[in-house]
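**Q**
In structure tokens form, the structure reads like this:
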């Protein structure tokens, strides 16, 4: 019975260690993904702003050509 308790204790200890390692890796992976998401979102917003500027410039040019024609 004593050996069974020792074996159970050792297995639980290994399980807790493995769980701790997996949680640590999960947290690191989550941080990396959040950083990549932030960068992708930032780049997308810059592209959208640039596209908006180009569109507004094009619309203003079209409007000006209509007014002064």
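In this note's numbering, the protein residues as written are 23 to 91. Heads up, the beta-carbon is just placed ideally off N, CA and C, and yes, glycines get one too.
Which residue comes first and which comes last in the alpha helix (DSSP H) that contains residue 67?
**A** Taken as a continuous stretch (DSSP letters only), the alpha helix (DSSP H) holding residue 67 covers 24 to 89.
**Q** Would you report the Cα separation of residue 26 and residue 40, rounded to the nearest angstrom?
**A** Within the model, the alpha-carbon separation for residue 26 versus residue 40 is close to 21 Å.
**Q** Apart from the five residues on each side of it in sequence, which residues of its chain come closer than 8 Å, Cβ to Cβ, to residue 71?
**A** none
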